[in-house]
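Following: one structure in structure tokens, then a few remarks.
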Ligand code: F6P
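Residue numbers (the numbering used here): 968 to 1510.
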């Protein structure tokens, strides 16, 4: 039997099993095995992963693991770790793990040196900025970036608010909408503000528009007569983080203030690189190295743990089961931690920009679903907004709950209340309520149809020991490796993102149509809807 035959057979067995399991209720699975929690939970470092509320049995796991084996998952993992160009449509390696590997664990000496040198530059820059420098010292840092050049650092800085450097304010601006930048500039002092322009390509329209506007703002705000402004405002108040040195220096940022990172680091995997400079400034360089160390710990677990103990692989197999077995089209992310409020948004890019594809590695249409639509809300607030659909909407929506064992901002009673809600929601979603239980709760017979809880909504609960840099690094690396695993299991390239190109190119073509007073020749090639909307935009309605 060929490898492909073996793989197809494994998939067929899973689909058959899914038919057998379609109506199995979590209540029955828990009733059948009092030790279910022990059998369906795994532990690594500071993370406990409880997937006992997933609608699966030991047979389900066995069939899923057969697919992983037949997909030659281990070979794909070896290729990534060895720095092979597994991002084949861009002919690039996938090298985010090298950013957090200690020198002795680097894949080769040159990479180890490069990473060490990059970290030393970050350390020195942080030390200089944090050192008291009289009036000229920087009080506010503005991170200008979008997508992977924004979401990771923004989320980490918020997540680690409890470890924040006391006298440096961090701000993030991503959108080209003036409402993102203008209110911030209105309250900043140009003399004590540093801008970090973060863009791997240094061509992203939104980021460069913001960078040009902030440069004008600085030049206007630091008149030549100000001795501190020095000859070059840009040189003093800008640094760049990019793979495109030429474009950054052309903008006016000297090479000595450009932090480079290698092409093999994808935007959505880049917070471990100098893209994370704002993280290091916010929590201190030692905090940043703790983040790297936590991720490296999860890397080692991912690379060495056997299949049945491997948290990232298991998390990926759970998604495979819910999407390709049970037919889920969306996936909820519910961090019961206000500090992790931005985690769902970060994860949306990490997963949907990596796995939201319909063509396999050989260029053929995928024959099965790939990424579900990821969405989420912070708990407990989300319960008061979106959980109605989860409980009574009738759709299968698997979810991940993230709980903290120890609060990052402890207030008496608050944390236990938060935990009680997180545990209660995942249980209520899983087990629902029988008619007898409803009657016992004095639900009137007339209202039973509207007040019933079918349950059987699957979820995984990740219990974090605490929310500090090291534990957060473990969590983020867990999801990065889950994405890698699903790329292998769905046989797609998880590391390119060609789908973002068309809209960007169309925007470039449309801009002149909006900037010009009258109609432009380009407008004639536009579709009627866009033409009509542009006309409306250019027409002032009578008062
Ligand atoms: O448009 C999508 C994207 O290319 C993301 O993949 C990337 O993280 C973001 O835009 C920003 O790109 P850059 O870092 O090159 O500005």
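Glycine included, every Cβ here is placed at the ideal spot set by N, Cα and C.
- Apart from sequence neighbours up to five positions away, the residues of its chain that approach residue 1052 with a beta-carbon distance below 8 Å are 1058, 1059 and 1060, ordered along the chain.
- Here the alpha carbons of residue 1262 and residue 1074 stand approximately 16 Å from one another.
- Taking the Cα of residue 1368 as reference, the smallest distance to any Cα among 1332, 1016 and 1297 is reached at 1016.
- For residue 1492, the number of other beta carbons within 10 angstroms of its own is below 16, and it is reported as exposed.
- Taking 7 Å as the cut-off, the Cβ atoms of residue 1399 and residue 1420 count as close.
- Put simply, the backbone Cα of residue 1300 is about 18 Å away from that of residue 1372.
- For residue 1113, the Cβ falls inside the 6 Å cut-off from some heavy atom of the ligand F6P.
- In this structure, residue 1306 and residue 1375 form a Cβ contact; the two beta carbons are roughly 6 Å apart against a cut-off of 8 Å.
- A distance criterion of 6 Å places the beta-carbon of residue 1271 beyond contact range of the ligand F6P, judged by its closest non-hydrogen atom.
- Using a C-beta cut-off of 8 Å, the segment 1315–1323 makes contact with the segment 1455–1467, since at least three inter-stretch Cβ pairs fall below that distance.
- In the DSSP annotation of this structure, the continuous segment of the beta strand (DSSP E) that includes residue 1207 starts and ends at 1205–1209.
- For the pair residue 1242 and residue 1161, the CB atoms are not nearer than the 7 Å cut-off.
- For residue 1082, the shortest separation between its Cβ and any heavy atom of the ligand F6P does not lie below 6 Å.
- DSSP, read as helix, strand or coil, puts residue 1400 in strand.
- According to DSSP, residue pairing for residue 1242 in a beta bridge does not occur.
- Taking residue 980 as reference, the option from 1291, 1277 and 991 with the minimal CA-CA separation is 1291.
- Per DSSP, residue 978 is one residue of the alpha helix (DSSP H) stretching across 970–988.
- When secondary structure is reduced to three states using DSSP, residue 1107 falls in the strand class.
- Considering only 1126, 985 and 968, the residue with the shortest C-alpha distance to residue 1246 is 1126.
- Note: residue 1011 is bridge-paired with 1014 in the DSSP secondary-structure output.
- Taking 4 residues as the minimum length, the alpha helix (DSSP H) runs contained wholly in the segment 1143–1176 are 1145–1152, in order along the chain.
- In this structure, residue 1248 and residue 1137 form a Cβ contact; the two beta carbons are roughly 7 Å apart against a cut-off of 8 Å.
- Each of 1271, 1122, 1171 and 1208 was checked against the Cα of residue 1448, and the nearest Cα belongs to 1271.
- The Cβ neighbour count for residue 1381, taken over all protein chains shown within 10 Å, is under 16; the residue is labelled exposed.
- Distances from the CB of residue 1464 to the heavy atoms of the ligand F6P include at least one below 6 Å.
- A direct Cα-to-Cα measurement between residue 1155 and residue 1105 gives close to 11 Å.
- In this chain, the beta strand (DSSP E) harbouring residue 1343 covers 1340–1343.
- The continuous stretches of alpha helix (DSSP H) do not include residue 1136, which lies in the beta strand (DSSP E) extending over residues 1136–1140.
- The three-state secondary structure of residue 1221, taken from DSSP, is coil.
- As computed with DSSP, residue 1232 is found in no beta bridge at all.
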